[in-house]
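Participant:
In the UniProt record's numbering, the protein residues as written are 1 to 347.
Next up, the structure:
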């Protein structure tokens, strides 16, 4: 008898580290499951998009969130996966004249954006040191969050365990159905992921974090009944089949996979660890109280135009041809498609 299908809740899909968003509602500013605030700085200026405005910068294990002190709805979220380079150099600030600032060069949806954050606490390097250290921790812990094919995850027939990883079961004789004839191998089930590798070629393997799974079920294949694991679209939308015999063993494996997956989603371990020596003890608490009166629906066109204020446009080969703008009464460089000078002027 086949085990019942199991589909994970939508909250299991993580966007916080993969996207850049502006004008977030209070719910999206709050930490999701598995996300926590590492540091909180209450005097930081968004020099590129809101020069002259004091705000709070939250540094979590997945992203950076800046919130204006003037209006909660003026905020932005930058996921670490979008960051390409981090540099420190001088920037013109209304609140601090010219000061050392943190420059983030990012890429999201095929566009490049630049963010500049200036600490308004003179002589404090905390903004620079914390962001750089947390970003390094994020970059070196991707196996907790990202599906990996043919990685260096097995050595001498044993799984190379991650920090805080526990192996709950090892199943030998599991066939991966990714090829026409199938490949016999070993399946590991841990508190963080499931890992399969071929018995005769350790480098032929796949590591699937629970956070990237969308569905677990048993269904028919040309090899007979198989345990099937589907990943979320952001992880490639893979459909991975594993043949486990006899039937009782397959059913037990399916139940165990479903159970471990659901337990993980209730309290995810996402891998980023960093301790700030002089951070306030309150950083582990919820970053903000929810403000119902500050939540409003923001027009997508307004968001698009405001995003243009952060455009780095580093990919263009040359300046665009100047065009006459009747609103300004001047010839200006043509804007990228979809942007409006009027809304940019008021952003």
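Positions of the beta carbon are idealized from the N, C-alpha and C atoms, including for glycine.
None of the values given here were measured: they were computed from a predicted structure.
Under 8 Å, Cβ to Cβ, is there at least one residue of chain B near residue 184?
Facilitator: In the structure shown, chain B cannot be found, because there is only a single protein chain.
Participant: Just verifying my parser: in three-state terms, what is the DSSP assignment at residue 48?
Facilitator: If DSSP states are grouped into helix, strand and coil, residue 48 belongs with coil.
Participant: Going by DSSP, what residues sit across from residue 333 in a beta bridge?
Facilitator: Looking at the DSSP assignment, residue 333 forms a beta bridge with 322.
Participant: Apply the 10 Å Cβ neighbour rule to residue 246 and answer buried if 16 or more other Cβ atoms are within range, or exposed otherwise.
Facilitator: Classification of residue 246: exposed, given that the 10 Å Cβ count is below 16.
Participant: Using 8 Å as the cut-off, can you tell me whether the stretch 188-196 makes contact with the stretch 116-135, which would need three or more C-beta pairs spanning the two stretches below that distance?
Facilitator: No, the stretch 188-196 is not in contact with the stretch 116-135.
Participant: Just to confirm, are residue 114 and residue 310 a CB contact at a threshold of 8 Å?
Facilitator: Cβ atoms of residue 114 and residue 310: closer than 8 Å.
Participant: Taking the alpha carbon of residue 123 as the point to measure from, which residue in 331, 100, 142 has its own alpha carbon closest?
Facilitator: Closest option to residue 123, Cα to Cα, is 100.
Participant: Assuming contact is defined by CB atoms lying nearer than 8 Å, are residue 109 and residue 62 in contact in what I supplied?
Facilitator: No, the Cβ-Cβ distance between residue 109 and residue 62 is not below 8 Å.
Participant: Just to confirm, are residue 117 and residue 57 a CB contact at a threshold of 8 Å?
Facilitator: Cβ atoms of residue 117 and residue 57: closer than 8 Å.
Participant: Who are the Cβ neighbours of residue 42 in its own chain at under 6 Å, not counting the five residues just before and after it?
Facilitator: 56.
Participant: When the Cα atoms are used, what is the spatial distance from residue 26 to residue 20?
Facilitator: One C-alpha to the other measures close to 16 Å.
Participant: Checking 8 Å against the spacing of the C-beta atoms, do residue 243 and residue 177 come in under that value?
Facilitator: A contact, by the Cβ cut-off of 8 Å.
Participant: On the DSSP bridge assignment, give the partners of residue 230 in chain order.
Facilitator: Answer is 215, 239, bridged to residue 230.
Participant: Going by DSSP, what residues sit across from residue 225 in a beta bridge?
Facilitator: In the DSSP output, where bridge partners are listed per residue, residue 225 has 220.
Participant: Within 10 angstroms of its Cβ, does residue 185 collect 16 or more other Cβ (buried), or is it exposed?
Facilitator: It counts as buried.
Participant: Kindly indicate the opening and closing residues of the alpha helix (DSSP H) around residue 138.
Facilitator: Segment 126-139, the alpha helix (DSSP H) holding residue 138.
Participant: Looking at the structure shown, is residue 164 part of a helix, part of a strand, or coil, going by DSSP?
Facilitator: Three-state result, residue 164: coil.
Participant: From residue 226 to residue 271, what distance separates their C-alpha atoms?
Facilitator: Computed Cα separation, rounded: 31 Å.
Participant: Identify which residue in 216, 212, 221, 217 has its Cα closest to the Cα of residue 233.
Facilitator: Among 216, 212, 221, 217, the Cα nearest to that of residue 233 is on 212.
Participant: Can you look up residue 297 in the DSSP assignment and give me helix, strand or coil?
Facilitator: Its pLDDT being 41, under 50, residue 297 is placed unreliably by the model, and the measurement read from it follows with that caveat. Three-state DSSP puts residue 297 in coil, outside helix and strand.
Participant: Is the beta carbon of residue 22 sitting closer than 8 Å to the one on residue 76?
Facilitator: Yes, they are a contact pair.
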